[in-house]
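Chains as they are written, first to last, in my numbering: chain A, 1 to 196; chain B, 1 to 196. Quick reminder that beta carbons are idealized off the backbone N, C-alpha and C, glycines included. Read the structure below first, then the notes.
Number of protein chains: 2
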Amino acid sequence: MVETTRRQAIEDVASDLFRERGYAATSIRDIARALSVQGASLYAHVASKEDVLWGIVDRAATRFEAAADRAEAEAEARVPGDPVEALAAMVRAHVHVLTSDVGGAGVFVHEWRALGPERRSAILARRDVYERRFRAHIEDGIAIGVFAMTDSGLAASALLSALNGTATWYDPKGRLPAPRIADHLVDLSLRMLGAS
Amino acid sequence: MVETTRRQAIEDVASDLFRERGYAATSIRDIARALSVQGASLYAHVASKEDVLWGIVDRAATRFEAAADRAEAEAEARVPGDPVEALAAMVRAHVHVLTSDVGGAGVFVHEWRALGPERRSAILARRDVYERRFRAHIEDGIAIGVFAMTDSGLAASALLSALNGTATWYDPKGRLPAPRIADHLVDLSLRMLGAS
DNA sequence: TACCGTGCCTAACGATCGTTAGTTAGGCAG
DNA sequence: CTGCCTAACTAACGATCGTTAGGCACGGTA
Chain A
1 MVETTRRQAI EDVASDLFRE RGYAATSIRD IARALSVQGA SLYAHVASKE DVLWGIVDRA
61 ATRFEAAADR AEAEAEARVP GDPVEALAAM VRAHVHVLTS DVGGAGVFVH EWRALGPERR
121 SAILARRDVY ERRFRAHIED GIAIGVFAMT DSGLAASALL SALNGTATWY DPKGRLPAPR
181 IADHLVDLSL RMLGAS
Chain B
1 MVETTRRQAI EDVASDLFRE RGYAATSIRD IARALSVQGA SLYAHVASKE DVLWGIVDRA
61 ATRFEAAADR AEAEAEARVP GDPVEALAAM VRAHVHVLTS DVGGAGVFVH EWRALGPERR
121 SAILARRDVY ERRFRAHIED GIAIGVFAMT DSGLAASALL SALNGTATWY DPKGRLPAPR
181 IADHLVDLSL RMLGAS
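Here it is, written out as structure tokens:
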């Protein structure tokens, strides 16, 4: 990941620190130290500490949304009107975003609570829309009988929780490369919904 | 929940605050304010802030372990040697602990990272043992053909992540009472593993 | 040469943090 | 009445927090 701007470099190291220790437990001076710089120097590039968090969270949210857009479009182009295909593509896209940017995605998943009230509810609304897209495919699948009867809301929550757990333990140098993890999680997800 | 000791009362309100804002973002004075008391007064009952967190996490961990013990024993007594029955019982027990003490269990799930190195690794070891118990039943089920072939480690992680997600959104006054949530999650879990 | 933007510095601010010390008030047992 | 236990208080400590102000060094452009 080659940083083009100084701001990007700051958000990159902050992502890792926020993910490891949490936002509140990470000080501006911690971030600066990781960049071999004085704490106050960061304020030439960012407006506030929360601003850094927002940059990370907003970028991650946008990635998830864009990946879901592409996944839905491609699934629809390949096999139109198939909820199984659509959901599989969205799961794969979600896992890909998670594993290709563990830092940012991990912060998005766990640290949005540290945002101020307005940004916090803004991101919650986007999360809600995002989760609803999964739920919609689940309901479509139930309606045409390719998924088993379930509470679609709870199923969507459980599904996304299972996927997001990846952000906690995933290690790029670990056993199982990212594509295999995605394969397995797609299988588990479809089975969980009773795909036939 | 009628508190017998003052220490219990402290841990109870701390559970809720830690769950809502996180450990690092909650001050000793925040906890004290919730008890209508001065911050320094708490030190008559607890040794340190981390001590409060440890009390909560340790108690929650013990509850999960004890519930799993009972679940395994009862499943074995009812239908001996059946991995499906055993896993279903463990899922149900896990969800019950989660929903019967959202505060404590929520802190256990999310805030163990804030512990110091020694307690942190101690709790990680216990989590590991706990997760392995789920994995063992999954592997048993695969071996005798009642569960589908899967990476048992990844399946156990995904399963527990799905269950633990409950701690984030569960509301005792919400739609769906706790027992129904448990029913649904048992169904989803077994289907996810391809139970036949 | 003069200039401007970028990146970093030191110094310091007020606030808040976890924690310690020493004290006071009430209730119950001897 | 005396004495101890419990639970709270006030006051303050040193450290660290996020943040601001003002200045210095460098590189490219006019």
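In terms of residues, what are the limits of the alpha helix (DSSP H) holding Tyr130 of chain A? 117-143
Contacting positions in the segment 174-187 of chain A - beta carbon closer than 9 Å to chain B: Arg175, Leu176, Arg180, Ile181, His184, Leu185, Asp187
Residue of A:Met192, A:Thr166, A:Pro172 minimising C-alpha distance to Met149 of chain A: A:Met192
From the beta carbon of Arg33 of chain B, is the nearest beta carbon of chain A less than 8 Å away? no
Excluding the 5 residues preceding and the 5 following Val2 of chain B in the sequence, name in chain order all residues of the same chain whose CB lies nearer than 6 Å to its CB. Bear in mind that the predicted position of Val2 of chain B carries a pLDDT of just 46, short of 50, making it too unreliable to give a figure here.
For Thr99 of chain B, which residues in chain A fall below 8 Å Cβ to Cβ? Near Thr99 of chain B there are no residues of chain A at all, since even the closest Cβ is about 13 Å away, more than 8 Å.
Starting from the N-terminal side, write out each stretch of the beta strand (DSSP E) that is 3 residues or longer and does not extend beyond the segment 28-79 of chain B. none
Residue-chain proximity (Met192 of chain B, chain A), Cβ-Cβ < 8 Å: yes
Of the listed residues B:Ser41, B:Arg19, B:Gln8, nearest to Asp171 of chain B (C-alpha basis): B:Arg19
Which of helix, strand or coil DSSP assigns to Ser152 of chain B: helix
Is the shortest distance between the beta-carbon of Asp113 of chain A and the beta-carbons of chain B less than 8 Å? Before going on, a small fix: residue 113 of chain A reads as Arg here, not Asp. Yes, Arg113 of chain A lies at the interface with chain B (some Cβ there is under 8 Å from its Cβ).
Would you decide whether Leu154 of chain B is buried or exposed? Buried here means 16 or more other CB atoms lie within 10 Å of its CB. buried
Does the segment 163-181 of chain B touch the segment 76-83 of chain B, meaning 3 or more C-beta pairs lie closer than 8 Å? no
Contained alpha helix (DSSP H) runs [length at least 4] in the segment 76-109 of chain B, N- to C-terminal order: 83-100
Roughly how many whole angstroms lie between the Cα atoms of Val52 of chain A and Ala24 of chain B? 18 Å
Between Gly104 of chain B and Trp54 of chain B, what straight-line distance do the alpha-carbon atoms span, to the nearest angstrom? 11 Å
Please report how far the alpha carbon of Ala125 of chain B lies from the alpha carbon of Ala71 of chain B, in whole angstroms. 21 Å
Between Ser152 of chain A and chain B, is there a C-beta pair that is closer than 8 Å? no
What does Trp54 of chain A touch in chain B if you count any residue whose Cβ is under 7 Å from its own? Ordered by position in chain B, no residue passes the 7 Å Cβ test against Trp54 of chain A, which lies about 16 Å from the chain.
If we call anything under 8 Å between Cβ atoms a contact, is Val107 of chain A one with Ile56 of chain A? yes
Using a Cβ-Cβ distance under 8 Å, would Gly141 of chain B count as near chain A? no
Look at the alpha carbon of Asp183 of chain B and the alpha carbon of Ala9 of chain A, and state the distance between them as a whole number of angstroms. 46 Å
Coarse secondary structure for Glu20 of chain A, derived from DSSP in three states: helix
Taking Cβ positions, are Asp140 of chain A and Pro179 of chain A nearer each other than 8 Å? no
Considering only residues of the same chain and omitting the five flanking positions on each side of Ala195 of chain A, which have a CB-CB separation below 7 Å? Val84, Val146, Phe147
For Ile181 of chain B, is the classification buried or exposed, using 16 other Cβ atoms within 10 angstroms of its Cβ as the cut-off for buried? buried
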